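Single-structure report; data block below.
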């Protein structure tokens with residue numbers, strides 16, 4: 335695949351709540367692709383806050399979360415994206431049309447925020463989805 339862009343690749347990661355999976359993916363893309371990738375994330379139904387276990391899981395693997403509060407899709411359809419990645423089925427179904435024909439990908443995965451059990455089990459669910 336040959337993607338021609340000026341500057342870093344722009345990646346948008348979409349989820350439902352923008353509180354865990356998409357925030358972790360945004361951090362990983364930005365940290366690992368430093369200088370080559372500029373990732374952002376959003377949700378179709380933003381949660382009130384980022385799940386603290388997502389931030390903890392990232393830190394546990396040596397990644398610094400420098401993200402933002404969960405946000406919606408407003409205005410993102412007017413920006414240029416090289417890749418738009420949905421990480422849950424609900425976001426895939428409500429994904430808007432983006433200009434410039436970005437590459438679209440779906441990488442569905444269970445939401446670690448839905449994990450049940452004690453604190454150890456919930457932390458383990460985030461660690462499995464993180465890195």
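Numbering (this note's numbering), first residue to last: 335 to 465.
Backbone N, C-alpha and C fix where the C-beta goes; we use that ideal spot for every residue, glycine too.
Predicted model, so just to flag it, every value in this text is computed and none were measured.
Residue span of the alpha helix (DSSP H) that contains residue i, given as start and end
i           : result
residue 389 : 386-394
residue 437 : Unbroken run through residue 437 is the beta strand (DSSP E), 437-440; no alpha helix (DSSP H).
residue 420 : Run containing residue 420: none in the alpha helix (DSSP H); it sits in the beta strand (DSSP E), 417-420.
Whole-angstrom C-beta distance between residue j and residue i, which should lie under 8 angstroms
i           : j           : result
residue 381 : residue 360 : 15 angstroms between Cβ atoms; not a contact.
residue 346 : residue 376 : 7 angstroms
residue 463 : residue 415 : Their Cβ separation, rounded to whole angstroms, is 23 angstroms, which puts residue 463 and residue 415 out of contact at 8 angstroms.
residue 369 : residue 404 : About 26 angstroms separates the two Cβ atoms, so there is no contact after all.
Neighbourhood of residue i by C-beta distance below 6 angstroms, restricted to the same chain and skipping five residues each side
i           : result
residue 385 : 353, 354, 447
Rounded straight-line distance, which links the Cα of residue j to that of residue i
i           : j           : result
residue 411 : residue 367 : 23 angstroms
residue 397 : residue 358 : 9 angstroms
residue 436 : residue 394 : 33 angstroms
residue 430 : residue 421 : 15 angstroms
residue 336 : residue 434 : In this prediction, residue 336 has a pLDDT of 49, which is less than 50 and means its spatial position is unreliable; what the coordinates show is noted afterwards. Each residue's Cα considered, the two are about 15 angstroms apart.
residue 391 : residue 419 : 21 angstroms
residue 442 : residue 409 : 24 angstroms
residue 440 : residue 452 : 30 angstroms
residue 460 : residue 432 : 30 angstroms
Cβ-based neighbour list, residue i, same chain, cut-off 7 angstroms, excluding 5 preceding and 5 following
i           : result
residue 406 : 376, 377, 380
residue 445 : 354, 355, 422
Element boundaries [beta strand (DSSP E), containing residue i]
i           : result
residue 359 : Taken as a continuous stretch (DSSP letters only), residue 359 belongs to no beta strand (DSSP E), being part of the alpha helix (DSSP H) at 355-366.
residue 377 : 371-377
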